[in-house]
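Residue numbers (this note's numbering): 19 to 257. Ideal Cβ positions, reconstructed from N, Cα and C, are used throughout, including at glycine. As the structure is a computational prediction, the values presented were derived from the model and not from experiment.
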Ligand code: PGA
């Protein structure tokens, strides 16, 4: 029986030199990968061109982890624009990752502007949302998710993707259990629309991917640490 197609996205964060990226793609290319999933890989800016060299043959698309807006170019030292990313073949971009919310002070207001800008220029934003442990334990999960979803509320449902990444599950090895994931995804879909793709992220690995991808309300996964290793990432794609 052919299984439903899901989205498998990898977020390399601040990892891999260009040489290491080559090694990764060569190793991934040697694996037999099922081809009905949509695979997206988000390398650091410096390795995007390397990813593009392999993307078409290997059947994945390339995403970026961030961009600067609202200006297209100008006096913004250290920043990268959507125009620059699109010129080198980037199709997707992460927006509002909890690490950027926490370390770069990105607010829901800025994140809303970024989602709007990405959609306007034709990049597919993956809007990352998720509650902290404190918010969950304080009974605020739904309110937090609802507030974070406002950024995408008024756009056509095929123009963006949501990634539900509970902050307490990112990089901690503590994956949310199937019931918790299903409840959150159903809630998100009830707010934003049943037909919006909602990925789960937070300590997804080659061991838990099959169970997570088997949850009906899960349209795919956003993988951090385990996307850096060709063995693990291919096992997730094939899960
Ligand atoms: P992790 O990261 O898989 O290492 O927990 C996920 C993410 O931050 O997108």
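Cross-strand partners of residue 143 (DSSP beta bridge) | 111
Among 51, 41, 59, 23, which has the Cα closest to the Cα of residue 240?
-> 59
Around the C-beta of residue 144, are 16 or more other C-beta atoms found within 10 angstroms, so that it is buried, or is it exposed?
-> buried
Separation of residue 44 from residue 116, as counted between CA atoms | 30 Å
Would residue 99 count as contacting chain C if we go by Cβ distances under 8 Å?
-> Looking at the structure shown, chain C is missing, and only one protein chain is on hand.
Does at least one heavy atom of the ligand PGA sit under 7 Å from the Cβ of residue 29?
-> yes
By Cβ distance below 8 Å, which residues in the same chain neighbour residue 34 in space, the five residues on each side in sequence not counted?
-> 42, 61, 62, 65, 246
How about the region 195 to 209 and the region 174 to 187: do they share at least three Cβ pairs that are nearer than 8 Å?
-> yes
For residue 107, the nearest candidate out of 222, 126, 79 (CA to CA) | 79
In or out: residue 89 buried (at least 16 other Cβ within 10 Å) or exposed?
-> exposed
Measure from the alpha carbon of residue 100 to the alpha carbon of each residue in 142, 114, 122, then state which is nearest.
-> 142
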